[in-house]
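Each protein sequence line maps, in turn, to chains A and B. Following the numbering used here, the numbering of the first sequence begins with 317 at its first residue and continues without gaps. Following the numbering used here, the numbering of the second sequence begins with 317 at its first residue and continues without gaps. From the three backbone atoms N, C-alpha and C, an ideal C-beta is built for every residue, glycine too. Keep in mind the model is a prediction, meaning the values are calculated, not measured. Remarks on the structure that follows.
Protein chains: 2
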Amino acid sequence: MTGKLYGLGLGPGDPELITLKAHRILTAAPVIAYPAPDTGPSFARQIAASYIGAHQLEVPVVMPMRVERFPAQEVYDAAAETIGRHLDAGSDVAVLCEGDPFFYGSFMYLFERLADRYPTEIVPGVSSVMAAASALKRPLAARNDVLSVVPGPLGDDILEARIAAADAVAIIKVGRHFTRIRALIERLGLMGQAAYAERVSLDNQQLMPLDDVPDDAAPYFSMILIYKGGEVWHPAFRNNEAGA
Amino acid sequence: MTGKLYGLGLGPGDPELITLKAHRILTAAPVIAYPAPDTGPSFARQIAASYIGAHQLEVPVVMPMRVERFPAQEVYDAAAETIGRHLDAGSDVAVLCEGDPFFYGSFMYLFERLADRYPTEIVPGVSSVMAAASALKRPLAARNDVLSVVPGPLGDDILEARIAAADAVAIIKVGRHFTRIRALIERLGLMGQAAYAERVSLDNQQLMPLDDVPDDAAPYFSMILIYKGGEVWHPAFRNNEAGA
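Shown next as structure tokens:
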């Protein structure tokens, strides 16, 4: 009997936005794996930190983060081998994933190496896109709206076309592309409908009109939401900020 | 001191896919409101049923479901008045929402009537779109993929344009539009990349290639995922179905 491989969506950052199911599996798993940068802490592990016990074995999957490129095959090959040994030994392995495992997550690289050999279950999580709309107190999509999720590294031409083809747009992976993307949104006349959201659901969450963001590069965990239907700053948002 | 209004995302259907935060607020709220059809049970209440106590007051927001039209203003006006009275009396009110409250949810109609007068918090939930990708064991979007969420009631021309403008597409609210949408997908040559998902995460969940779906109308809680990058039926999916 081999162990079972789990991909656990942990949500956008607030440890309370983990699902009951992910919490149950996380606290029971003998082995926990998670992506980690080569310097600094693992965000996925930080989300789960208060639920991890000293008896649980941890397998960080250390990925060089210097450049945005196709994730190194060798790192995932080696991690899959390590995880496979635990599964062979009959231990369940829970892979911690920020947000949702199959929504722009790195879990797919382990999944494609292991899922044909071991029983596998993916537990979906709250996406940072939905969490940003909740934090902004502005409905993301309604009725027959088309919502598009568009990665910021795409070029201006394709960004413009994708924005034109949707009613609401979430631009993710903004990071070092921030200045270019904001200039494009300004050129398209959409600044009044664009909101910036950073580290959503965490204590140091930042929400502001896109126009108010300082010009230096935005962090990787940031996104821009464009509500083409109207003003993003719903009066209720301001009222609640004051009254909350 | 008025009470606080909560919009609680309950996830796609499995009661274990509720977040710890929604669970905490749900079990503590003296008043619980939820959308309900005029006949049959409320899906949102069904998800939460095992967490609701006899001491909690329930406010069903009964909406005639016969036709897909703009939700009746009068129903929401009356519900907002009832909920407002509880908030005025100092009671917190938790509005239960399937999936995520601001992702095609009806919570926005209560939110826009109440959020300017009462402290309001929205708790994001797991979307059925992410849950469908997890159940299908097929990554929804990766790297620089554009993901579009497209409501099925839209006409063929706009559906075709939106499908063309994305790498992955989730067609939601399929319901009585199923036959027309499937014919369109066949015309576009995308049948091999299209999956049908129904009642995701529930015991009676259905997952199948779009081609295999019987021709009679699909239920409202169904969606079609199109993975333009390749075959939807990852070998791991079939293996895991057998081995799970």
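- Identification of residues in the region 322-337 of chain B having a C-beta nearer than 9 Å to some C-beta of chain A yields Gly323, Gly325, Gly327, Pro328, Asp330, Pro331, Glu332, Leu333, Ile334, Thr335, Leu336 and Lys337, given in sequence order.
- Secondary structure note for Tyr350 of chain A: its beta strand (DSSP E) is the uninterrupted segment Val347 to Pro353.
- Neighbourhood of Asp416 of chain B in chain A, by CB distance below 7 Å: Met446, in chain order.
- Within 9 Å of the CB of Ser407 of chain A, no CB atom of chain B is found; the nearest one sits about 17 Å away.
- At a C-beta separation below 8 Å, Gly441 of chain B has these neighbours in chain A: Val442 and Met446.
- Residue environment: Asp519 of chain B is assigned as exposed (fewer than 16 neighbouring CB atoms within 10 Å of its CB, all protein chains considered).
- Under the Cβ criterion (8 Å, minimum of three pairs), the region 369-383 of chain B does not count as touching the region 522-530 of chain A.
- Per the coordinates, the alpha-carbon of Ala477 of chain A lies some 18 Å from the alpha-carbon of Met539 of chain A.
- Between Ile348 of chain B and Leu321 of chain B, the C-beta gap is not smaller than 9 Å, which leaves the two residues out of contact.
- Contact annotation for Leu470 of chain B against chain A: Asn460 and Val462 [CB-CB distance below 8 Å, chain order].
- The C-beta of Met317 of chain B has fewer than 16 other C-beta atoms within 10 Å across all chains shown, which makes the residue exposed.
- Contact of His339 of chain B with chain A is assigned, a C-beta pair being separated by under 9 Å.
- In the three-state DSSP reduction, Leu412 of chain B falls in the strand class (E or B).
- Cα atoms of Leu475 of chain B and Phe359 of chain A: separation of roughly 37 Å, rounded to the nearest angstrom.
- Looking only at A:Pro469, A:Lys489, A:Thr495 and A:Ser464, the smallest Cα-Cα distance to Ile542 of chain A is reached by A:Ser464.
- In this structure the region 418-435 of chain A does not lie against the region 396-403 of chain B, because fewer than three pairs of beta carbons, one per stretch, are closer than 8 Å.
- Listed by position along chain A, the residues whose Cβ is nearer than 8 Å to that of Ile479 of chain B form an empty set, because the closest Cβ is around 10 Å away.
- Approximately 6 Å separates the beta-carbon atoms of Arg515 of chain A and Gly329 of chain A; this is inside 8 Å, confirming the contact.
- Among the residues facing chain A, Met424 of chain B is included, as its CB has a counterpart in that chain under 9 Å away.
- Taking all protein chains in view, the Cβ of Gln509 of chain B is crowded by 16 or more other Cβ atoms within 10 Å, so the residue is classified as buried.
- The three-state reading of DSSP puts Ser444 of chain A in helix, counting H, G and I together.
- Burial of Glu437 of chain A is indicated by the presence of at least 16 other C-beta atoms within 10 angstroms of its C-beta.
- Taking 3 residues as the minimum length, the beta strand (DSSP E) runs contained wholly in the region 458-488 of chain A are 463-467 and 484-488, in order along the chain.
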